[in-house]
Amino acid sequence: MEKTRNVFVLAAISSVLAGAGFAQTSAFDNRNAAEDAVEDLSEDIEDEYERDIDDFGNVGRPIGFDGSVALRAALSDGNTDSADVGIGANMGYYDGTNGYEVNLAYSYGEDDGVETENNLLYGLDYTRDFGSRWFGYAQIQGSKDDYASFVSDTFAGIGVGYKVIDRSDITWNVSGGPGYRWAELSDATEIEEEALSLSSNYTARLTDTVNLTNDTDVIYSEADTVVFNDLGVNFSVTDAMALRTSLTTEYHSDPLPGDEDMDNTFGVSLVYSFN
807 MEKTRNVFVL
817 AAISSVLAGA
827 GFAQTSAFDN
837 RNAAEDAVED
847 LSEDIEDEYE
857 RDIDDFGNVG
867 RPIGFDGSVA
877 LRAALSDGNT
887 DSADVGIGAN
897 MGYYDGTNGY
907 EVNLAYSYGE
917 DDGVETENNL
927 LYGLDYTRDF
937 GSRWFGYAQI
947 QGSKDDYASF
957 VSDTFAGIGV
967 GYKVIDRSDI
977 TWNVSGGPGY
987 RWAELSDATE
997 IEEEALSLSS
1007 NYTARLTDTV
1017 NLTNDTDVIY
1027 SEADTVVFND
1037 LGVNFSVTDA
1047 MALRTSLTTE
1057 YHSDPLPGDE
1067 DMDNTFGVSL
1077 VYSFN
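Reading the sequence shown from the start, the letters are residues 807 to 1081 in the working numbering.
As structure tokens, this is what we get:
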């Protein structure tokens, strides 16, 4: 008989990251996913960043440091021995005009001693306010996945964003701009070319304890177009603790022959936020 146990080991890691003063979106996952995942700091930290409910841009951000950390682990033994673990973290700083954000997400899996997953997502964002609704940004985000068509994929770019809706219960902003993309495929093909990024970040407060988020990122280049979408619901447990469930979808217009063009991941994670 196979036994399965789900393990959430959040407290220890949270205290380590917070004590060190370090914590707070495939390439191009939620840039809030990485703010929007941790910023998306959510769940299956594999095709997405785990995330908090903040959105890209500085409007509404607290002054000083803020961040989140989330951990998920699933272990099973019996007829099949397997392990699947993931951690996501972000750290941000805002001085009233300039915002800085670092996002990291890592997932690892193995089955009967054979590695089945090894995936890292990372992001670095700088944003500057130009009034109450407009902002500019510079970003670097990327992914490294040993078991995907795109083994590594990095995008660096600049752009502008606009807060379409800015209410206490709903926020929605859009942003976009040019950049450059570096990618390596599993067949050793290398891509270096100009690219364009477009993003949408939406958050709705359904009740005092429930928030809905939907974040979409599109990276267009001649070789391939990537669409990443993260739909999630956060349930507040305490002021600092939340349970997040999410569905992430990653689409590539031109995967290698034999590979699927779309990946969907459903995840649940425990998220700890600190300010």
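Idealized CB from N, CA, C, for every residue including glycine.
- How many angstroms separate the CA atom of Gly-893 from the CA atom of Arg-939? Just to set this straight, residue 893 is Ile in the shown sequence, not Gly. When rounded, the separation of the alpha-carbon atoms in Ile-893 and Arg-939 is 33 Å.
- Measure the CB-CB distance between Asp-1065 and Tyr-1057 and report whether it falls below 8 Å. No.
- Query: How about the region 973-992 and the region 952-960: do they share at least three Cβ pairs that are nearer than 8 Å?
  - Reply: As far as the Cβ criterion goes, the region 973-992 touches the region 952-960, which means the pair count is three or higher.
- Answer yes if the region 1040-1050 comes into contact with the region 1001-1008, meaning at least three C-beta pairs across the two stretches below 8 Å, and no otherwise. Cβ pair count under 8 Å is below three, so no.
- Which residue's Cα is closest to the Cα of Tyr-928: Val-920, Gly-937, Asp-951, Asp-935? Of the candidates Val-920, Gly-937, Asp-951, Asp-935, the one whose C-alpha sits nearest the C-alpha of Tyr-928 is Asp-951.
- In whole angstroms, what separates the C-alpha of Thr-922 from that of Asp-1069? Each residue's Cα considered, the two are about 15 Å apart.
- Query: Mind checking whether Ala-962 and Gly-985 have CB atoms under 8 Å apart?
  - Reply: Taking 8 Å as the Cβ cut-off, Ala-962 and Gly-985 qualify as a contacting pair.
- Are the CB atoms of Tyr-899 and Gly-870 nearer to each other than 8 Å? If you check the CB distance, Tyr-899 and Gly-870 come in under 8 Å.
- For Ser-938, which three-state DSSP category applies? Coil.
- Item | Backbone secondary structure at Ser-832 - three-state DSSP | Any answer about Ser-832 is weak, because its pLDDT of 38 lies below 50 and its placement is not dependable; what the coordinates show is given next. In this structure, Ser-832 counts as coil in the three-state DSSP scheme.
- Message: Whole angstroms are fine: how far does the CA of Asn-924 sit from the CA of Ser-1145?
- Response: The requested residue 1145 is not part of the displayed model; the chain covers only 807 to 1081.
- Query: For Ile-1025, is the classification buried or exposed, using 16 other Cβ atoms within 10 angstroms of its Cβ as the cut-off for buried?
  - Reply: Around the beta carbon of Ile-1025, a 10 Å sphere encloses 16 or more other beta carbons of the protein chains shown; the residue is thus reported as buried.
- Message: Taking a contact to mean a Cβ-Cβ separation below 8 Å, would you say Asp-935 touches Glu-907 in this structure?
- Response: Against a cut-off of 8 Å, the Cβ pair of Glu-907 and Asp-935 comes out as no contact.
- Pairwise C-alpha distance: Thr-903 and Gln-1013: Residue identity differs from the one stated: residue 1013 is Thr in this sequence, not Gln. Looking at the two C-alpha atoms, the distance is approximately 30 Å.
- Query: If Ala-954 and Gly-915 are in contact, beta carbons under 8 Å, what's the gap, nearest whole angstrom?
  - Reply: Between Ala-954 and Gly-915, the beta carbon gap of about 13 Å keeps them out of contact (Cβ cut-off 8 Å).
- Query: Hey, would you say Gly-1073 sits closer than 8 Å to Ser-1052, going by beta carbons?
  - Reply: In contact: Gly-1073 and Ser-1052 (Cβ atoms closer than 8 Å).
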